[in-house]
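Colleague:
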Amino acid sequence: MFSISNKTKVIERIKEGQFRSKIIDSDQVYYSIHSLEALLNNACLKQGTSLEGRSDFTKEILKSNNKIPIPIDPDHCVFMFPTRSVKSPQLSYVSYYHVADFEPYDKNVKVIFKDDTTYIAPMTMKQFDLQLKRTSQLIAYFYYKVII
């Protein structure tokens, strides 16, 4: 199974033949027979908890139940946020620390990564901005604990 790391920029839900997810890494694109949820859960399990556990924790911190970011591996700065509802066939997760900028693109958002590559996220500018802010709020929670 593919292992999400700090090189992972995007994980996208797809249905192309036998493949269920597309992973955009810093160095190449991978396709997996495993679902997006299975990949996220596997990454969380490597950190000692499940995707459900991380989700429940985040819901409590952010006081929200919708489109919550996931702290995949906080020690290695891997925080990912969803572009759509978890039930959407167009769902993808974007890695917070790879985002350099974003701009409108048709009715979507063009995400500009720090390596100057781009990704078209299926969401509005307002939604993307909100997801960045929610993820930074979650990151602040983790790093505030380190400082104290």
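Mapping of the sequence shown onto this note's numbering: position 127 corresponds to residue 112, and the numbering continues sequentially without gaps. For glycine and all other residues, C-beta sits at the position ideal for the given N, C-alpha and C. On a predicted model such as this, the values are computed, not experimentally measured, just so you know.
(1) What do you get for Ser(-12), buried or exposed, if any count of 16 or more other CB atoms within 10 angstroms of its CB means buried?
(2) The alpha helix (DSSP H) spanning Lys44 covers which residue range?
(3) Straight-line CA distance for Glu88 to Val96?
(4) Tell me the DSSP secondary structure of Asn93 in three-state form.
(5) Would you mind giving the Cβ-Cβ distance between Leu123 and Pro56, rounded to the nearest angstrom? I have them listed as a contact below 8 Å.
(6) How big is the Cα-Cα spacing for Val14 and His83?
(7) Report buried or exposed for Pro74, applying the criterion of at least 16 other Cβ atoms within 10 angstroms of its Cβ.
(8) Closest to Lys72 by CA distance: which of Leu30, Ile(-1) and Asp86 is it?
(9) Here's the rule I'm using: 16 or more other beta-carbon atoms within 10 Å means buried, otherwise exposed. How should Tyr129 be labelled?
(10) Going by DSSP, what residues sit across from Ser77 in a beta bridge?
(11) Between Arg39, Asn50 and Arg5, which has its C-alpha nearest Asp58's C-alpha?
(12) Beta-carbon within less than 6 Å of Ser11's beta-carbon, same chain only, minus the 5 sequence neighbours each way: which residues are those?
Modeller: Inspection of the coordinates gives the following:
(1) exposed
(2) Leu36 to Leu47
(3) 7 Å
(4) strand
(5) 6 Å
(6) 15 Å
(7) exposed
(8) Ile(-1)
(9) exposed
(10) Glu(-3)
(11) Arg39
(12) Lys(-8)
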